[in-house]
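K.L.:
Before I ask anything, let me first share the structure, which is written out below as structure tokens.
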Amino acid sequence: MSNLSDRSEKYETDSDSRPTTCLADRLVAHRGYASRYPENSLLAIERALASGAKFVEVDIQLTADLEPVLYHDRDMARLSGADNKIQLLTYDELERYSLHNPVAFSDRFEDEPISHLQHLVNLMLHYPEVTFFVEFKRVAIETFGVESCVERSLPLLALVKSQVVLISYSRALVDRVLSDGWQAGWVSDQFPDSGWWQSFIRPPHYLILNYTCLRKVDLPAEKRGWPEVSVVLYEVADAELARTLFARGADLIETFSISPMRRALSQD
656 MSNLSDRSEK YETDSDSRPT TCLADRLVAH RGYASRYPEN SLLAIERALA SGAKFVEVDI
716 QLTADLEPVL YHDRDMARLS GADNKIQLLT YDELERYSLH NPVAFSDRFE DEPISHLQHL
776 VNLMLHYPEV TFFVEFKRVA IETFGVESCV ERSLPLLALV KSQVVLISYS RALVDRVLSD
836 GWQAGWVSDQ FPDSGWWQSF IRPPHYLILN YTCLRKVDLP AEKRGWPEVS VVLYEVADAE
896 LARTLFARGA DLIETFSISP MRRALSQD
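In our numbering, the protein residues as written are 656 to 923.
Here it is in structure tokens:
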């Protein structure tokens, strides 16, 4: 088991070991600028980048012919208004569908396509200073397995490897990508037990949690056991709540409302 202290610092810190980066620059655009544009669309990601986001989170699944695409839900009802599933369709068949989120936006974005992972990589090349959290969705892992997800995605991401953090609920997938030298993060629905990181081949770089997991947790005290693991919290759209969570020890915070949240926290 590797020693946590072996990993280099991610943030410049003050004498209290707290990140000194502007709070706005510690926000993660959750599925892009998802409160204004269809989540995981290139449009939402482009708008998040235009707002100055330093971190972006996206989700990937595999089509029936094992092509990695940007998509969140297990089915296509909410985001595409369709009675179907990504894993049941080939990539060519996906051309009949759009990523327009009719529940939120009616038909405003009905021509927005479902994007291939390669399209994201092409965009990332123009923003080398931005870090992208790429989540392998559980439905893809359950349907096709860890190896298929990794083998179909990592070769495409290799060109931008330094910008990528691969994240998942799957411990097996996190271990798999850590073993290949990728930055990785583990997503959990609950705050983990002490020593949680010891179940991995080496500590993940990030722990990603719903902020409600912190209700009875002394985060700074917990983090002393794994000081080189950064904590990412989601989903936050209120600036005061974000300030509170940063003060409680969050390193990064995910938000669907990246532009207004950046404005609100730009002086912090």
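Beta carbons: idealized from backbone N, C-alpha and C, even for Gly.
(1) Taking only the alpha-carbon atoms, compute the straight-line gap between THR798 and LEU907 and give it to the nearest angstrom.
(2) Indicate the three-state DSSP secondary structure (helix, strand or coil) for LEU907 in the structure shown.
(3) Tell me which residues share the same chain as VAL683 and place their Cβ nearer than 6 Å to its Cβ, disregarding the 5 neighbours each side in the sequence.
(4) Kindly indicate the opening and closing residues of the beta strand (DSSP E) around LEU682.
(5) Verify whether the separation of the beta carbon atoms of VAL887 and PHE846 is less than 9 Å.
(6) Taking only three categories from DSSP, how would you classify SER660?
(7) Should VAL829 and ALA813 be called a contact, given that it needs their Cβ atoms to be closer than 9 Å?
(8) Give the list of continuous beta strand (DSSP E) stretches no shorter than 3 residues that lie fully inside the stretch 778-832.
(9) With DSSP run on the structure shown, which of helix, strand or coil describes TYR889?
(10) Are ARG681 and PHE911 close, meaning C-beta to C-beta below 9 Å?
(11) Buried or exposed: which applies to LYS816, given that a residue is buried once 16 or more other Cβ atoms fall within 10 Å of its Cβ?
(12) Looking at C-alpha atoms only, which residue of TYR889, VAL832, ASN756 and VAL789 is the closest neighbour of ASN865?
(13) Measure the alpha-carbon distance for LEU809 versus ILE822 and round it to whole angstroms.
(14) Which residue marks the beginning of the beta strand (DSSP E) containing PHE710, and which one marks its end?
(15) Could you please give the first and the last residue of the uninterrupted alpha helix (DSSP H) stretch that includes PRO915?
(16) Assuming LEU862 contacts TRP841 (C-beta within less than 8 Å), just tell me the rounded distance between them.
(17) By Cβ distance below 7 Å, which residues in the same chain neighbour ASP766 in space, the five residues on each side in sequence not counted?
(18) Can you check which of these residues, ASN756, ALA705, PHE787 and ASP714, is closest to CYS804 by C-alpha distance?
(19) Can you find the residues in the same chain that come closer than 6 Å, C-beta to C-beta, to TYR824, ignoring five residues on each side of it along the sequence?
P.N.:
From the atom records:
(1) Residue numbering aside, residue 798 sits at position 143 when the sequence shown is read from its first letter. Residue numbering aside, residue 907 sits at position 252 when the sequence shown is read from its first letter. Using only the alpha carbons, I get a separation of about 31 Å.
(2) As a working note, residue 907 is residue 252 in the sequence shown. Taken through DSSP and simplified to helix, strand or coil, LEU907 comes out as strand.
(3) Position 28 of the sequence shown, counting from 1, holds the residue named residue 683. Hits under 6 Å: PHE710, GLU712, LEU907 and GLU909.
(4) Numbered from 1 along the sequence shown, position 27 holds the residue referred to as residue 682. Following the DSSP letters along the chain, one finds LEU682 inside the beta strand (DSSP E) bounded by residues 682-685.
(5) Position 232 of the sequence shown, counted from the first residue, corresponds to residue 887. Position 191 of the sequence shown, counted from the first residue, corresponds to residue 846. Not closer than 9 Å, so no.
(6) In the sequence shown, the residue the question calls residue 660 occupies position 5. With a pLDDT of 37 at SER660, under the threshold of 50, the predicted position of this residue should be treated as unreliable, and no value is reported.
(7) By one-based count along the sequence shown, residue 829 stands at place 174. By one-based count along the sequence shown, residue 813 stands at place 158. No, they are not a contact pair.
(8) Entirely contained in the stretch 778-832, the beta strand (DSSP E) runs reaching 3 residues are, in chain order, 786-791 and 819-823.
(9) Along the sequence shown, read from residue 1 onward, the residue named residue 889 stands at position 234. Three-state DSSP puts TYR889 in a strand.
(10) For the purposes of this step, residue 681 is taken as the residue at position 26 of the sequence shown. For the purposes of this step, residue 911 is taken as the residue at position 256 of the sequence shown. No, they are not a contact pair.
(11) Position 161 of the sequence shown, counted from the first residue, corresponds to residue 816. By the beta-carbon neighbour count (other beta carbons within 10 angstroms, threshold 16), LYS816 is exposed.
(12) Numbered from its first residue, the sequence shown carries residue 865 at position 210. Nearest in C-alpha terms to ASN865, of all of TYR889, VAL832, ASN756 and VAL789, is TYR889.
(13) What you label residue 809 is simply residue 154 of the sequence shown in a count that begins at 1. What you label residue 822 is simply residue 167 of the sequence shown in a count that begins at 1. Their Cα atoms are separated by approximately 13 Å.
(14) Here residue 710 is taken as the residue at index 55 of the sequence shown, counted from 1. 710-717 is the span of the beta strand (DSSP E), which, as asked, contains PHE710.
(15) As a first step, residue 915 must be located in the sequence shown, where it is residue number 260. PRO915 -> alpha helix (DSSP H) spans 913-920.
(16) Here residue 862 is taken as the residue at index 207 of the sequence shown, counted from 1. Here residue 841 is taken as the residue at index 186 of the sequence shown, counted from 1. That belief holds up - the Cβ atoms of LEU862 and TRP841 are roughly 6 Å apart, short of 8 Å.
(17) Sequence index remark: in the sequence shown, residue 766 carries index 111 (1-based). Excluding positions up to five away in sequence, the list reads SER753.
(18) Along the sequence shown, read from residue 1 onward, the residue named residue 804 stands at position 149. Distances from the CA of CYS804 to each of ASN756, ALA705, PHE787 and ASP714 were compared; the closest alpha carbon is that of ASP714.
(19) Locating residue 824 in the sequence shown gives position 169, where the first residue counts as 1. Taking TYR824 as the centre and dropping the five residues before and after it, the same chain places the C-beta of ARG793 and VAL842 closer than 6 Å to its C-beta, in chain order.
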